[in-house]
Amino acid sequence: MNRGIISLKLSNIAFKFENRLMIRKLLHTARLQVVLIALLLSGFTYGNTATHDMVTSPSVPAHEQTEKKAFDAGKMIIDHIVDAHEWHILTYNDFHLSIPLPVIILDKGKLVSFSSGHFHHGHEAYRGYRLMTEGVNEGKIVKTLEDGETADESAKLPLDFSITKNVLSLFISVLLLCLIFISIGNKYKKNPNTAPKGLQSVLEPLILFVRDDIAIPGLGKKNYARFMPFLLTVFWFIFLNNLLGLIPVFPGGANLTGNIAVTMVLALFTFAITTYNGNKGYWKHIVNAPGVPWWLKIPIPLMPIVEIVGLITKPFVLMVRLFANMTAGHIILLGFMSLIFIFGNMNIVAGYGVSIFSIAFGVFMSLLELLVAFIQAYVFALLSSIYFGMAMEEHEHTEEHTTEH
Amino acid sequence: MQLVTPGIGLIFWMLISFSLVLYVLGKYAWGPIMKGIHQREDTIEKALEAANEAKKEMLQLKAGNEQLLRDAKDERDALMRDARKVKEAILDEARDKANEAAARIMENARENIEFEKMAAINDLKNQIASISIEIAEKLIGKELENKKQQHELTEKLLKDVKIN
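Heads up: the protein sequence lines correspond to chains C and B, in order. The first sequence runs 0 to 404 under numbering that gives the first Met the number 0. The second sequence runs 0 to 163 under numbering that gives the first Met the number 0.
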């Protein structure tokens, strides 16, 4: 099954151009450089495109060509932040450059998969499914009615296991993590007791940082070694994805760590490990906290409730903090860029004028985001290590509390 | 709403991917890396300790060398002192001997002189005797008119007599 998905993914990574003629024309336009830079940055060379199958986009519906939509900053920002079934790279007039990604739907126990290119950015339905572009189910795949065109509002949503933009970005980052750290690991194996070289010397200080400033303060010298793999993985996963999120074009630009599903899974891992490692003292403090007046426990178990809520809020806070920080950074950056177009729609000169400030602030924000990218990875790993440490703490003072009462 | 609703698909793929990356990196990356770092830190610590040890040893060695040097110097000084003493002794002895020799020579010379003087005096005495005899002969031979003349003659004769 898995192999099928992977081959599907590979065969479907194709690029959508209007047609070859359009590219030729584009190359002769004044915006040649912009497009070329975008193409280069996104890792596609001209030669590469020939090896992939070209999917010809259908002619854009007539109504879209006639009425030019006003620029909607809010919609643009949200579209950039949320997940998508295609990896949009750029739009130039009627020219769309995007990578269609595989759709995998589990509908009533039946697995359906096809390329998201068939949806034509939500303009068309395919095999009884439709990608919604507005409404409650915006961005989701819904079933269609008997006619195969109109969305069925009443039907239950099919389970969507598509390789979306974020999932592909996740795969890329996982692959990168494995490539980087296994190669470094081999270096340590191959030349032990030598000074670090190259990439190894760049990453080693950060690995030592995770050990000396995250794991050991939180967990103590006795216990830290067992949690190092998780803390290092979580730190580097978040840090790498934060950085990838800052790159505006493929293979970066997917707001992965600013996606609540991703941060939820990360927080769940922390929660699961904390719970698994909780010792007797930890559970005792939750169920029957020592040193607390009895009337806070009986008849209404106020303290246990508070403690149990605290148990859940810890990972919840981890989840929300990372999600909100990364999303906010993206929103601010996109907001600055939107300003250019909002002013540009009013007056072309105002647009260019504002662009100077927008770019200056954008650069500033990007630099700030670099810092945030590191800080968030650090905070997540640090708090995880502190939670583990709290769960494993030896409560020597328990006895003295109980004797007091 | 879409922003804060976790999608089942992403949760699913994230669970799989993250578990996988945790396992793979834990086994093939973090293990060797942490082990390598730990090993290297140990090695460095040991090397530093060994260096300290070596430094201490070297200091001891240096102190030993200094002691040796000092001893050698002392010995040399002692030798020099002895040599000087010997030299002085030899010189003194030589001087004494020379003095002795000189004294002896002087003594000899003095003795010789004494001897010669005695010989000369003896000789003189003899000559005086003979001269006296001659004078006496002359005196006896020639009759002096008066005592005054006689005395003058004696004076004159005595003047002629020269003790060498």
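Yeah, the Cβ is synthetic: ideal placement off N, Cα and C, and Gly gets one too.
Short CB-CB distance (under 8 Å) between residue i and chain B
i: C:I297; result: no
i: C:G46; result: Summary for C:G46: the model assigns pLDDT 32, below 50, so the residue's position carries little reliability; its value from the coordinates is reported in the next sentence. Cβ-Cβ to chain B under 8 Å: no for C:G46.
i: C:D159; result: yes
i: C:Y223; result: no
i: C:V316; result: no
i: C:L382; result: no
i: C:G184; result: yes
i: C:M336; result: no
i: C:G197; result: no
i: C:G138; result: yes
i: C:F170; result: yes
i: C:I374; result: no
i: C:P191; result: yes
i: C:F410; result: An answer regarding residue 410 of chain C cannot be provided, because it is not within the stretch 0 to 404 covered by chain C.
i: C:K142; result: no
i: C:M325; result: no
i: C:Y386; result: no
i: C:L243; result: no
i: C:L9; result: A caution first: C:L9 carries a pLDDT of 34, below 50, which makes its placement in the model too unreliable to give a value.
i: C:E392; result: no
i: C:I285; result: no
i: C:L239; result: no
i: C:N405; result: One cannot answer for residue 405 of chain C here, as it falls past the ends of chain C, which runs 0 to 404.
i: C:F229; result: yes
According to DSSP, residues forming a beta bridge with residue i
i: C:A150; result: C:T143
i: C:K313; result: Answer is none; C:K313 lacks a bridge partner.
i: C:R129; result: C:V141
i: C:V102; result: C:F113
i: C:S97; result: C:H87
i: C:L158; result: C:L105
Which listed residue (the options) has its alpha carbon closest to that of residue i
i: C:K101; options: C:G116, C:K109, C:L89; result: It is Pro, not Lys, that sits at residue 101 of chain C in the sequence shown. Taking only the C-alpha atoms, the option nearest C:P101 is C:G116.
i: C:I98; options: C:I104, C:I339, C:A83; result: C:A83
i: C:N276; options: C:W294, C:K196, C:S383, C:L231; result: C:S383
i: C:I183; options: B:T4, B:L24, B:F11; result: B:L24
i: C:G197; options: C:I179, C:D211, C:L207; result: C:I179
i: B:W12; options: C:D211, C:L255, C:M302; result: C:L255
i: C:L239; options: C:V305, C:Y187, C:Y281, C:M325; result: C:M325
i: B:L138; options: B:N125, B:A128, B:L156, B:I127; result: B:L156
C-beta neighbour in chain C for residue i, strict 8 Å
i: B:E47; result: Reading the sequence as shown, one finds Leu at residue 47 of chain B and not Glu. So, not an interface residue.
i: B:M57; result: no
i: B:L60; result: no
i: B:G63; result: no
Rounded Cβ spacing between residue i and residue j (contact assumed at less than 8 Å)
i: C:V353; j: C:F360; result: Rounded, the Cβ-Cβ distance is 10 Å, inconsistent with contact.
i: C:I80; j: C:H329; result: 5 Å
i: C:M263; j: B:P5; result: 5 Å
i: B:R39; j: C:N92; result: That belief does not hold up - the Cβ atoms of B:R39 and C:N92 are roughly 58 Å apart, past 8 Å.
i: C:N165; j: C:A72; result: C:N165 to C:A72, Cβ: 22 Å. No contact.
i: C:L317; j: C:F379; result: 6 Å
i: C:K279; j: C:N287; result: Contact doesn't hold; Cβ gap of about 11 Å is too wide.
i: C:F322; j: C:G257; result: 6 Å
i: B:I15; j: C:A260; result: Contact flag wrong, Cβ pair sits at about 13 Å.
Review point. What residues in the stretch 70–82 of chain C have a beta carbon less than 9 Å from any beta carbon of chain B?
Key: I77, I80, V81, D82
**Study point:** Selection of the stretch 21–45 of chain B by Cβ proximity to chain C, strictly under 8 Å
**Key:** L21, V23, L24, G25, Y27, A28, W29, G30, P31, I32, M33, K34, G35, I36, Q38, R39, T42
Check your understanding: Using a beta-carbon distance cut-off of less than 7 Å, what residues from the stretch 67–86 of chain B approach chain C?
Key -> none
Check your understanding: Which residues, in chain order, does the stretch 245–261 of chain C contribute to contact with chain B at a C-beta distance below 8 Å?
Key -> N258, I259, A260, V261
Point to revise | Short-range partners of chain B found in the stretch 201–226 of chain C, where Cβ spacing is below 8 Å | key: E203, I206, L207, R210, A224
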